[in-house]
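With the numbering used here applied, the sequence shown covers 11 to 365.
Where a beta carbon is used, it is the ideal one built from N, C-alpha and C, also for glycine.
Keep in mind the model is a prediction, meaning the values are calculated, not measured.
Here's the structure, in structure tokens; my notes come after.
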Amino acid sequence: MNMTLRWYGPDADPIPLKYIRQIPGVSGIMGLLDKPAGEDWPETEFSALQSKVNEAGLRLEVVESVNVHEDIKLGLPSRDKYIANYISTVRMLARHGVKVIIYNFMPVLDWLRTDLARRIPEDGSCSMYYDEADLEGLGPLELARRNREGSGGFSLSGWEPERMAQLEKTLKQYEGMTADGLRQNYRYFLDAVIPVCEECGVRMACHPDDPAWPIFGLPRIAHSSEDFDRIVALRFSPANALCLCTGSLGSDPKNDLPAIIRRFGHMDRIAAVHVRNVKFLGPRRFRESAHLSKDGSFDMYEIMRAVHEACPDVWIRPDHGRMIWDEKGRPGYGLFDRALGAEYLLGLWEALEKA
Ligand code: DNO
């Protein structure tokens, strides 16, 4: 298992690489170039980023994310141009030793919370929070505005300004799109990209829908074991893999996380894992808790045991942390709580190794 931390790059992330290097057991980052979806990533920029990471004593073998342009998800004629750019980026990343590319196929919006900094009454820390009831009377545009205001000036992955600028138009384009229609467009994308990944030794890792159900009437096709069965069948190859995110999938209590990890891990279809805990507060209402089992609703030991059993060589990162110790940072991506999360997961791992 390779323990990593997500890092947004020297200009966008307030956390110095040196600090990440000092977290015991963290060997690399999951990183990215901050480019609008659909762009072919410039090699010189990526190689400069990777050198910086390497100089800090860390590795950059997982890229999160190379975003998929909406025209691909919509199946518009312009998709071929964007797929060609995607392929060119895959080849470039492979030349630099990248092994896994995390992406998602969620229409328009990526992950969604209704409060980016909800105070946890028990200990005074803040974490991200979701209540479906708060979405009523709140359209996506209003939510995007709130996110912008609540993000402390940081651009949030999945809520990038250029994406939000197009929001109204993109939402219109999706009118009438069904889950099957979206899946067909997904197949078209995978048919083009996966053979290239096989050729150059890269694995695509699809991130689940977060939360794990459709929102704002948009189709979503990656939030259950059955959905993943369909996704791996769209193009059957170890390069067509998943990024198993426990917090996203687990937002629906029906999803049995250890069972899903075992199912797709044993099939060799898990290329990356995001591990975090969630505390259910009611139907479709939850907060992101500390990683510790006791603080949330998941059994983190059982989750790590399933990873250890079914995909032990995977790249992992602790996911969204709370804001603690008065840290100011990108919601979900501060240093302190994620570092605690990494140590806790590494502790579970050591126990599993020795048992
Ligand atoms: C949220 C992240 C997601 C993830 C993308 C992958 O914090 O886990 O934004 O990076 O869905 O494409």
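Excluding the 5 residues flanking residue i on each side, which residues of the same chain have their C-beta closer than 8 angstroms to its C-beta?
| i | result |
| --- | --- |
| residue 17 | 23, 25, 27, 30, 39, 40, 41, 63 |
| residue 161 | 126, 169, 340, 341 |
| residue 73 | 40, 41, 42, 103, 108, 110, 111, 112 |
| residue 187 | 84, 117, 228, 229 |
| residue 19 | 41, 42, 43, 44, 59 |
| residue 128 | 136, 137, 138, 139, 297 |
| residue 313 | 256, 267, 268, 271, 285 |
| residue 144 | 124, 125 |
| residue 101 | 206, 210 |
| residue 57 | 106 |
| residue 196 | 83, 115, 231, 241, 244 |
| residue 174 | 154, 158 |
| residue 362 | 314, 315, 318 |
| residue 177 | 118, 150, 151, 154 |
So who's on the other strand from residue i, going by DSSP bridges?
| i | result |
| --- | --- |
| residue 9 | Because the chain spans 11 through 365 in this model, residue 9 falls outside it and cannot be assessed. |
| residue 284 | 255, 327 |
| residue 125 | 139 |
| residue 292 | 295 |
Starting from residue i, trace the beta strand (DSSP E) in both directions and tell me its first and last residue.
| i | result |
| --- | --- |
| residue 184 | Run containing residue 184: none; DSSP gives neither H nor E here. |
| residue 250 | 250-255 |
| residue 141 | 136-141 |
| residue 72 | 69-74 |
| residue 298 | 295-298 |
| residue 148 | Taken as a continuous stretch (DSSP letters only), residue 148 belongs to no beta strand (DSSP E), as it is neither H nor E. |
| residue 173 | First-last for residue 173: 171-175, but that is the alpha helix (DSSP H), not the beta strand (DSSP E). |
Is it buried or exposed for residue i, if we count other Cβ within 10 angstroms and need 16 for buried?
| i | result |
| --- | --- |
| residue 83 | buried |
| residue 155 | exposed |
| residue 123 | buried |
| residue 349 | buried |
| residue 311 | exposed |
| residue 276 | exposed |
| residue 99 | buried |
| residue 201 | exposed |
| residue 302 | exposed |
| residue 279 | buried |
| residue 180 | buried |
| residue 54 | exposed |
| residue 15 | buried |
| residue 71 | buried |
| residue 121 | buried |
| residue 322 | exposed |
| residue 335 | exposed |
| residue 52 | exposed |
| residue 328 | buried |
| residue 299 | buried |
| residue 291 | exposed |
Near residue i, which residues of its chain fall below 6 angstroms by C-beta distance, leaving aside the five closest residues on each side in sequence?
| i | result |
| --- | --- |
| residue 204 | 245, 247, 249, 250 |
| residue 46 | 172 |
| residue 183 | 84 |
| residue 77 | 47 |
| residue 337 | 344, 346 |
| residue 220 | 121, 258 |
| residue 152 | none |
| residue 262 | 222 |
Leaving out five residues before and five after residue i in sequence, what residues of the same chain have Cβ atoms less than 7 angstroms from its Cβ?
| i | result |
| --- | --- |
| residue 260 | 267, 288, 308 |
| residue 79 | 47, 48, 92 |
| residue 208 | 247, 249 |
| residue 3 | There is simply no residue 3 to check, as the chain begins at 11 and stops at 365 in what is shown. |
| residue 81 | 88, 89, 92 |
| residue 282 | 72, 110, 112, 215, 253, 324, 325 |
I need the boundaries of the alpha helix (DSSP H) containing residue i, first residue and last residue.
| i | result |
| --- | --- |
| residue 361 | 346-364 |
| residue 201 | 189-210 |
| residue 214 | Counting along the chain, residue 214 falls outside any alpha helix (DSSP H), though it belongs to the beta strand (DSSP E) covering 213-216. |
| residue 337 | That residue, residue 337, is in no alpha helix (DSSP H); it is neither H nor E in DSSP. |
| residue 270 | 267-276 |
| residue 30 | 27-31 |
| residue 315 | 310-320 |
| residue 236 | 235-244 |
For a minimum of 4 consecutive residues, which ranges assigned as the alpha helix (DSSP H) are wholly contained in the region 47-114? 53-65, 80-84, 89-105
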